[in-house]
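One rule links them: number in the numbering used here = place in the sequence shown (from 1) + 278. Backbone N, C-alpha and C fix where the C-beta goes; we use that ideal spot for every residue, glycine too.
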Amino acid sequence: MGLIETVLDHVSFTSVFIVLSIAYALWTIYLKIDENARLRRLGLRGPRIKSNWPWGLEIIKKQVFATITHTCYEVYLELVGHLPNYTGESNLLGFRVVLTADPENIKAILATQFPEFGKGEQFHKEWSEFLGDSIFTTDGHQWHVSRQLLRPQFSRERISDLHCFESHLETFFKAVANGGVLNGEEQKVDIEAGNGKPFDICDLFYRYTLDVATDFLLGLDIQSLTKPDEPFAEAFKHVQSVQNVIARAGTLQPLVPKKTFRQGLKVINELCNIYIDRALQLSPEELASKTKADQGYTFLHELASFTRDRKVLRDQVVAVLLAGRDTTAATLSFAFYELGRHPEVVRKMRQEIISQVGLERTPTYTDLKNMKYLQNVINETLRLYPAVPYNVRTALKDTTLPRGGGPDGSLPLPVLKGTAVGYSTLVMQRRPDLYPAGANPDAFDPERWFTWQPKPWYYIPFNGGPRICIGQQFALAEIGYVLTRIFQRFERVESFMHEIDGGKPKLNSEVVIKPEDGVRVALWEARREKEGLM
Numbered sequence: 279m280g281l282i283e284t285v286l287d288h289v290s291f292t293s294v295f296i297v298l299s300i301a302y303a304l305w306t307i308y309l310k311i312d313e314n315a316r317l318r319r320l321g322l323r324g325p326r327i328k329s330n331w332p333w334g335l336e337i338i339k340k341q342v343f344a345t346i347t348h349t350c351y352e353v354y355l356e357l358v359g360h361l362p363n364y365t366g367e368s369n370l371l372g373f374r375v376v377l378t379a380d381p382e383n384i385k386a387i388l389a390t391q392f393p394e395f396g397k398g399e400q401f402h403k404e405w406s407e408f409l410g411d412s413i414f415t416t417d418g419h420q421w422h423v424s425r426q427l428l429r430p431q432f433s434r435e436r437i438s439d440l441h442c443f444e445s446h447l448e449t450f451f452k453a454v455a456n457g458g459v460l461n462g463e464e465q466k467v468d469i470e471a472g473n474g475k476p477f478d479i480c481d482l483f484y485r486y487t488l489d490v491a492t493d494f495l496l497g498l499d500i501q502s503l504t505k506p507d508e509p510f511a512e513a514f515k516h517v518q519s520v521q522n523v524i525a526r527a528g529t530l531q532p533l534v535p536k537k538t539f540r541q542g543l544k545v546i547n548e549l550c551n552i553y554i555d556r557a558l559q560l561s562p563e564e565l566a567s568k569t570k571a572d573q574g575y576t577f578l579h580e581l582a583s584f585t586r587d588r589k590v591l592r593d594q595v596v597a598v599l600l601a602g603r604d605t606t607a608a609t610l611s612f613a614f615y616e617l618g619r620h621p622e623v624v625r626k627m628r629q630e631i632i633s634q635v636g637l638e639r640t641p642t643y644t645d646l647k648n649m650k651y652l653q654n655v656i657n658e659t660l661r662l663y664p665a666v667p668y669n670v671r672t673a674l675k676d677t678t679l680p681r682g683g684g685p686d687g688s689l690p691l692p693v694l695k696g697t698a699v700g701y702s703t704l705v706m707q708r709r710p711d712l713y714p715a716g717a718n719p720d721a722f723d724p725e726r727w728f729t730w731q732p733k734p735w736y737y738i739p740f741n742g743g744p745r746i747c748i749g750q751q752f753a754l755a756e757i758g759y760v761l762t763r764i765f766q767r768f769e770r771v772e773s774f775m776h777e778i779d780g781g782k783p784k785l786n787s788e789v790v791i792k793p794e795d796g797v798r799v800a801l802w803e804a805r806r807e808k809e810g811l812m
């Protein structure tokens, strides 16, 4: 009999279990002692986020409840709003987590200490099926290559060509008159019959921006404004919804059912692959000979002239599609939520549009930039409703944040490698202490932008630093263009949201913030004879 067999004959399962349990406990204690020693070398720990249950289970319960009830803002504010510098730490299931809504800390994460914080391996793992190795999921050299690849696609020359926005507005206006999505491209609609008809403009904005985004990226109009159940649009919406659950599930992520998620991805990938195949059928010389002025020239053609890697093309196109569609649609939706209850803002903005552009001419890129009140409306919407209200970075090395350490939170806060740091631009941009005395940061007030200039890092709706949103100017141009064209035609917005949510919008924070209950309004066309056009 061998030595191993002899030993096993004299050792019971219970003994082995006890020994392993003791070893695990000792190892855990050692790791905790080592962690505390490393933290002490870096500085003083910060105020704790209150949890009456062990392992931070009460905080987890609150976050789950907030996700279900769309009260993430209120819960985040409850967790950190009473702490010095809106920064605190907690232990969630054995893992230290830092939450902050402090401009100095966010500046460090995104800019001054940029190499020390990244998306991290866990984020990449959670998002890789959907967004692959795109600009949104990678760090270091791989992220830098993606950034360099995409930057030329959002040049001033490219984003100042507004034709793509205009080409889908006729269908959008027909859908408005119809009171919702059209049932087929050929559906006859009496444009004037829709005057004053209540409808959900949020749904139409998401369809419009998807049609614009697929046209810009692929040269494909999927016509979601004319197809109530367009397969690609439905698949994209479902994949996003499940992805939100995956990203929030943490260690329970393997338990999330993914069958329909992967079915949706199959629809997305099949359509993208058709257009990738077409682009790659062109030789490098043929791609090089095409110019932005050529009919049918797209974002994908531009990318394919730099790389012929199918996975790179697919990942970057899907990532930009997600950002390009949702950011713009959400901002337009929230703008109309507020405009519906602020008729004086509509009146002033429309006066500026008529003065600058008139009622017949389409606006130029320069027109949009020159309309100060219009820009104020956009800025104020993004201040109250930044597109990505919550974000997370992982410490890539042992480091510190500028504030949050010590009993009063005024000292540097130690952060060990692998620690998740969550930050909220939504909470930060509504902090009363960051505004002049007497200002109400919760109020929609475009007038404030005539006299108030936010300090650096107090207002970052598109994030900041090296990872600042690469499509920021494209999104702002689209938002401004759509608002201008709508208010060239319509003079009044009537809101029906108070009956639905009592005037307090539910903020759905899946990937990009959006109004959970939609935005139900009626638009009233201007009387042209009154304005001297008839």
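Tell me which same chain residues have a C-beta within less than 8 Å of the C-beta of residue i, skipping the five on either side of it?
i, result
"V655", "A613, L617, V623, M627, P724, L761"
"K339", "W331"
"G474", "E772, A800, L801, W802"
"R770", "P621, V624, L801, W802"
Can you name, in chain order, every residue of its own chain whose Cβ lies under 7 Å from the Cβ of residue i, other than the five neighbours on each side?
i, result
"E809", "Low local confidence applies: a pLDDT of 49 at E809 is under 50, so the model's placement there is unreliable, with the coordinate-based value given in what follows. Only L637 meet the Cβ criterion."
"L317", "R323, P692, L694"
"S299", "none"
"V523", "V534"
"F443", "V490, E756, Y759, V760"
"L610", "F483, I757, V760"
For residue i, which option in the options has the closest C-alpha, if you only look at C-alpha atoms?
i, options, result
"R681", "L503, E382, Y354", "E382"
"T365", "T678, S583, F728", "T678"
"W331", "N369, P710, P362", "N369"
"A673", "L357, N648, E399, F752", "E399"
"R639", "I764, E394, S290, G334", "I764"
"L746", "P362, I296, L388, E352", "For the sequence presented, residue 746 should be read as Ile rather than Leu. If we check each option's Cα against that of I746, L388 comes out closest."
"D720", "P690, E658, I748", "E658"
"D795", "H579, L754, F477", "F477"
"R326", "V358, E367, A303, F295", "E367"
"R374", "K310, S412, L428", "K310"
"G372", "I346, I337, G359", "I337"
"R429", "Y759, I748, L565", "I748"
"F343", "N786, P793, V790, A804", "N786"
"G396", "A379, T415, Q653", "T415"
"Y663", "S633, K650, T606, D711", "T606"
"I778", "P793, Q766, R767", "P793"
Since residue i is in the beta strand (DSSP E), which residue starts that stretch and which ends it?
i, result
"S773", "768-773"
"W735", "Careful: W735 lies outside any beta strand (DSSP E) and carries neither H nor E."
"S406", "First-last for S406: 398-409, but that is the alpha helix (DSSP H), not the beta strand (DSSP E)."
"P793", "791-793"
Strictly by DSSP, which residues pair up with residue i?
i, result
"P692", "T678"
"R671", "V699"
"A800", "E772"
"S368", "V375"
"G683", "L689"
"R326", "E367"
"D478", "R798"
"F395", "A673"
Tell me where the alpha helix (DSSP H) around residue i begins and ends.
i, result
"G418", "418-428"
"L533", "Premise fails: L533 is in no alpha helix (DSSP H) and is neither H nor E."
"P381", "381-385"
"F612", "588-617"
"N226", "There is no way to answer for residue 226, as the model of the chain reaches only from 279 to 812."
"K452", "447-456"
"A582", "577-582"
"C350", "350-358"
"A344", "335-347"
Among the residues of its own chain, which have a CB less than 6 Å from the CB of residue i, if the five just before and after it don't count?
i, result
"I479", "F614, V797, V799"
"Y492", "Contrary to the premise, residue 492 reads as Thr rather than Tyr in this sequence. These residues qualify, in order along the chain: L498, I500."
"Q521", "F408"
"T449", "L503"
"P506", "V459"
"F392", "G743, P744"
"G410", "D593"
"S290", "none"
"C350", "A344, S787"
"A753", "T605, T606"
Does the region 551-565 come within contact of the region 388-406, defined as at least 3 CB pairs closer than 8 Å?
With a cut-off of 8 Å on Cβ pairs, the region 551-565 is not in contact with the region 388-406, counting fewer than three such pairs.
Assess, as a yes-or-no matter, whether the region 652-670 is touched by the region 689-707 under the definition of 3 or more beta carbon pairs within less than 8 Å.
Yes, since at least three Cβ pairs between the region 689-707 and the region 652-670 fall closer than 8 Å, the two stretches touch.
Stretch pair the region 729-744 + the region 576-592: three plus CB contacts closer than 8 Å:
Segments in contact, no.
Across the region 595-613 and the region 487-496, are there enough close Cβ pairs to call them in contact, namely three or more that are closer than 8 Å?
Cβ pair count under 8 Å is three or more, so yes.
Are at least three pairs of beta-carbons, each pair with one atom in the region 415-423 and one in the region 435-442, less than 8 Å apart?
These segments do not touch.
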